[in-house]
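Notes to accompany the following structure.
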Amino acid sequence: MNRFIEIFEKNKSNLISDNSDYLKILRLEAIENFKKTGIPTTKNEEWLHTDIQKVIKPEYAFSLEPPKIEYNIDDFFKCDVPQLDTYMFVIINGWFPQQLKLINEYENGLIVGSIAEAQKKYPEIVEKYFSKYIDNANDGLSALNTALAKDGIFIYVPENLILEKPIQLVYIVYSTEDIIVQHRNLIVAEKNSQAKIVICDHSLHFNKSFTNAASEIFVGENAKVDYYKIQNSSNNTSQNTITQVQQERSSKFLSNVVTLHGGFIRNNLNVKQNAEGCQTNLYGLYLSDKEQHIDNHTYIEHAFPNCTSNEKYKGILDDKSEGVFRGKILVQPDAQKTTAYQANNNLLLSDSASVNSEPQLEIYADDVKCSHGATIGQLDQDALFYLRSRGISNEEARMMLMHTYASEIINKINIEPLKERMNDLVSKRLRGELSRCNHCFIKCC
Amino acid sequence: MTNDHNNILNELTQSDYKYGFSTDIETEYAPKGLDESTVRYIWEKKQEPDFMLDIRLKAFRYWKKMHEPRWAHLKYPAIDYQDIFYYAAPKQNKPTPTGVDPELKKTFDKLGISLEEQLLLSGVAVDAVMDSISVKTTFTETLSKLGIIFCSINEAIKNHPDLIKKYLGSVVPFTDNFFAALNTAVFSDGSFCYIPKGVRCPMELSTYFRINALKTGQFERTLIIADESSYVSYLEGCTAPVRDENQLHAAVVEIIALDNAEVKYSTVQNWYPGNKEGKGGIYNFVTKRGICKGKKSKISWTQVETGSAITWKYPSCVLKGEGSVGEFYSVAVTNNYQQADTGTKMIHLGKNTKSTVISKGISAGKGQNTYRGLIKVARKAENSRNYTQCDSLLMGDKCGAHTFPYIDVKNKTSVVEHEATTSKISEDQLFYCQQRGIDTENAIRLIVNGYAKEVLNKLPMEFAVEAQKLLSVSLEGSVG
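Residue numbers (the working numbering), protein chains in the order written: chain A, 16 to 460; chain B, 30 to 509.
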């Protein structure tokens with residue numbers, strides 16, 4: 016922890032020099048908060064089962080400068096999903112490639128680019144939304160990100176723009192040494208706009224790394240954002256992701272997080288419904304084996320009446336892997352007529368695997384319909400027997416059942432080619448094959 | 030909500046706490062506050078053997094190093110542990126033919142507890158505890174013919190030190206938590222029960238707790254040992270007078286079930302809940318735990334929690350024996366400013382162990398009701414099974430209902446299921462009843478009783494009736 020404070024003090028002038036007053040104050044406040052809160056320990060109830068301290072190693076290199084390695088993105092990354100046409104951007108070690116155009120303004124009004132550049136170019140937009148929703152005061156890792164993250168992605172979807180083409184963000188950890196990566200992203204979808212965002216997390220090489228990523232997503236009045244995340248980094252990587260979503264009146268937000276690989280993952284997904292009529296759908300699938308540790312924390316705050324939320328997280332855990340799920344639904348006193356559902360299902364395939372499931376309801380309004388459920392169990396023996404009795408091998412029958420179990424989440428993806436590819440990857444993953452696309456050179460495990 | 034509904038709500042939630050009287054009897058106190066001399070004072074008063082002083086002092090020294098737990102979903106001002114009398118005993122001046130002071134007898138008669146053996150009709154053996162001491166235990170002789178020991182824990186310490194040494198603190202050690210440590214240091218009385226091998230206890234055993242004296246804390250200790258293939262059903266009831274200040278109650282209950290034994294423990298908790306403004310009431314911090322030590326043993330907890338300003342209580346089962354069974358049935362009601370953080374822990378250690386958790390929470394007024402439960406399945410607890418269902422009913426828009434389950438599974442052959450729902454009384458159900466000529470108040474009573482039936486059915490007959498009445502008093506009329 017002290018190391019980060021030292022880095023901040025040493026690079027203070029660099030960190031706050033070319034920024035506006037707003038960002039200057041933000042960084043200074045954030046580092047003060049970080050001094051108070053620090054990196055969470057397992058004594059913190061929220062971090063009881065996930066020891067993040069052990070993956071933030073002091074020997075990992077941490078730089079405030081863009082990576083100096085020469086690379087050509089086309090050499091190692093090509094997205095070969097058929098018919099998947101996207102606005103694609105690759106982010107290396109948390110940095111927007113410096114050799115490319117830093118800000119892309121499209122004819123339809125869409126803006127995508129580096130957040131550092133956007134802070135200079137569009138101060139009025141950035142200052143309106145940046146760091147407004149994230150909890151710097153209580154979450155040490157959010158504060159750390161606010162204080163020290165230098166780049167990331169900025170997406171601005173203007174009013175009334177309905178994007179047909181998804182925006183694809185490929186985050187790659189690419190380094191020949193063990194490193195710490197931080198990036199900070201801001202996605203703004205203004206009134207009546209619609210956007211689909213696809214995120215692919217990857218890593219090259221087998222070097223160890225820790226990524227601390229923070230994203231803020233603003234979903235304006237009547238806007239609709241679909242947010243798909245595929246986590247497929249090598250098992251040597253560790254990451255903490257913070258996604259803070261703010262929903263305005265009658266907006267819709269859908270998140271679907273599919274975790275295939277990655278040694279140590281903690282996803283924090285927080286949604287605040289800040290007006291009436293919001294809809295929130297959160298889905299998640301985690302497939303883990305070896306010694307993976309996958310932790311999904313979700314938090315939905317219902318602050319206004321007539322909102323709904325629907326949440327489903329499913330996991331399949333093998334070998335010595337550990338799964339953690341903690342989902343909280345908070346219904347504020349005035350949020351009458353709230354409907355909230357939450358479910359977490361887990362399949363345990365090995366005696367050394369473990370699951371901690373904590374679905375939580377905190378309700379202060381009376382006219383609500385809220386429920387949650389959690390199950391931990393095995394494949395249905397009757398279903399297995401049925402398949403076996405029809406001449407399907409045990410192995411094949413198990414695969415079929417597991418795939419069906421997982422496809423409930425995959426089928427919530429609203430981009431057809433992506434859905435097909437994900438089905439493919441999941442079945443590869445379940446068979447123990449390397450779950451990567453054919454033209455992708457990325458090493459996953 | 031219509032005006033009509035509001036009126037009914039007001040009228041009915043005004044119904045008074047009927048056990049709120051206090052008895053004017055001479056009481057003997059320990060000096061106020063807590064230090065080693067208080068612990069020694071209690072030990073001397075109770076004329077206990079030396080080994081108890083050892084345990085008490087160890088617990089006290091450990092307690093001093095501990096902090097009060099604050100993780101529960103409860104809000105209450107800091108408790109001043111030096112502003113409490115840790116020992117208060119009603120003086121029994123005039124021995125009467127039945128051996129009980131007439132004033133005390135009157136108190137218990139008023140509460141409807143039969144201390145008189147001639148009231149055989151009720152068929153329940155009672156150990157009555159007032160403030161810090163056990164007043165009278167009934168049916169001792171009948172029970173002793175079967176080899177059952179049923180007496181106050183103080184007598185047990187003197188007469189059966191071997192059992193005490195072996196089992197006291199074996200399920201809830203003083204290191205377990207803050208209130209368990211405090212209890213071990215200063216407990217003054219409680220009940221003790223031993224059921225020998227192969228004996229099925231022919232009657233319900235019951236302890237009745239009463240806080241009477243001002244500014245006292247009550248710390249009782251209950252120990253139940255069910256030897257191989259025995260069975261006992263145990264009831265616990267409690268009341269307290271209406272007082273403006275908060276009083277502390279920190280009890281510990283330990284249950285040990287050996288091979289094939291079965292213990293059924295039922296509680297109807299009706300401590301004074303405080304008045305409509307949330308003033309006064311009992312702070313109820315209780316540690317209850319049973320261990321299914323033997324094969325195929327069974328422990329079943331049933332609780333109806335309607336009283337107390339603060340309830341902090343997690344009756345738990347450690348399922349160690351192969352094929353042992355743990356059950357937890359609970360109805361918790363919070364009205365006015367009451368707060369409850371209650372639930373259970375089921376720790377599966379042995380193979381083929383099973384547990385069932387049914388929790389029904391009802392919040393009305395400004396009450397906050399929390400279910401907090403842990404289901405833990407250890408690596409070696411193969412083929413374990415748990416089913417948990419928590420339902421919460423909300424009545425009124427100022428109350429809260431919360432569900433915090435913790436599920437922790439470490440093997441591939443166990444199945445754990447958890448379900449929870451939160452809603453208000455369905456308008457359809459209400460309408461259905463009203464349409465058939467049942468007025469709102471009775472319709473709600475009907476619906477709430479139906480909602481809680483699954484748990485109330487598990488109570489012994491004598492208690493089920495009382496519990497149903499209590500539910501009506503605590504709740505009826507709170508319209509959702």
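Every residue gets a Cβ at the ideal spot worked out from N, C-alpha and C, and that includes glycine.
Remember, predicted model here, so these are calculated numbers, not experimental data.
Item                                                                                                                       : Value
CB-CB length for residue 323(A) against residue 284(A), believed under 8 Å                                                 : Residue 323(A) to residue 284(A), Cβ: 17 Å. No contact.
Sequence ranges, beta strand (DSSP E) only - wholly within the segment 306-376 of chain B, length at least 3               : 310-321, 327-334, 339-342, 345-348, 354-363, 368-371
Buried versus exposed call for residue 98(A) [16 or more other C-beta atoms within 10 Å across all chains shown]           : exposed
Inter-stretch contact at 8 Å, needing at least 3 Cβ pairs: the segment 227-235 of chain B / the segment 256-266 of chain B : yes
Nearest-angstrom beta carbon gap, residue 383(A) and residue 419(A) [assumed within contact, 8 Å]                          : With 8 Å as the limit, residue 419(A) and residue 383(A) do not qualify as a contact, their Cβ atoms being about 32 Å apart.
Extent of the continuous beta strand (DSSP E) run through residue 434(B)                                                   : 429-438
Among 328(A), 438(A), 371(A), 181(A), the one whose alpha carbon lies nearest that of residue 62(A)                        : 371(A)
DSSP state of residue 255(B) mapped onto helix, strand, coil                                                               : strand
Residue 36(A), enclosing alpha helix (DSSP H) - first and last residue                                                     : 36-52
N- and C-terminal bounds of the alpha helix (DSSP H) containing residue 457(B)                                             : 456-464
Alpha-carbon spacing of residue 335(A) relative to residue 305(A), whole angstroms                                         : 5 Å
Beta-carbon proximity check, residue 354(B) vs residue 383(B), cutoff 9 Å                                                  : yes
Residue 314(A) - partner residues in DSSP beta bridges                                                                     : 285(A), 343(A)
Chain-ordered chain A contacts of residue 218(B) [CB-CB under 9 Å]                                                         : Simply none; closest approach about 37 Å.
Separation of residue 268(B) from residue 48(B), as counted between CA atoms                                               : 6 Å
Cα-Cα separation, residue 300(B) to residue 211(B)                                                                         : 20 Å
Inter-residue Cα distance where the pair is residue 298(B) and residue 335(B)                                              : 6 Å
Residue 417(A) and residue 362(A) closer than 9 Å at C-beta                                                                : yes
Status (buried if at least 16 other CB within 10 Å, exposed otherwise) for residue 100(B)                                  : exposed
Residue 189(A) versus residue 220(A): straight-line alpha-carbon distance, rounded                                         : 7 Å
Contacts of residue 372(A) in chain B (Cβ-Cβ under 7 Å)                                                                    : 436
Option in 395(B), 387(B), 443(B), 474(B) with minimal Cα separation from residue 487(B)                                    : 387(B)
Proximity below 9 Å, CB of residue 59(B) to CB of residue 117(B)                                                           : yes
For residue 103(A), three-class secondary structure by DSSP                                                                : strand
One or two residues paired with residue 374(A) in a DSSP bridge                                                            : 342(A)
Neighbour-count burial assignment, residue 375(A), 16 or more Cβ in a 10 Å radius                                          : buried
CB contact check: residue 429(B) to chain A, cutoff 9 Å                                                                    : yes
Reduced DSSP secondary structure (H/G/I, E/B, other) of residue 190(B)                                                     : helix
Identity of the residue in 377(B), 364(B), 362(B) nearest residue 345(B) by Cα                                             : 377(B)
Residue 254(B) to residue 263(A) span [Cα, whole Å]                                                                        : 60 Å
Identity of the residues DSSP links to residue 448(B) by a beta bridge                                                     : 388(A), 418(B)
Proximity test, Cβ basis, 9 Å: residue 187(B) and chain A                                                                  : no
Closer than 9 Å to chain B by CB, residue 425(A)                                                                           : no
Proximity of residue 366(B) and residue 402(B) at Cβ, strictly below 9 Å                                                   : no
Which listed residue (63(B), 412(B), 327(B), 419(B)) has its alpha carbon closest to that of residue 400(B)                : 419(B)
Chain A residues whose Cβ lies nearer than 7 Å to that of residue 425(B)                                                   : 381
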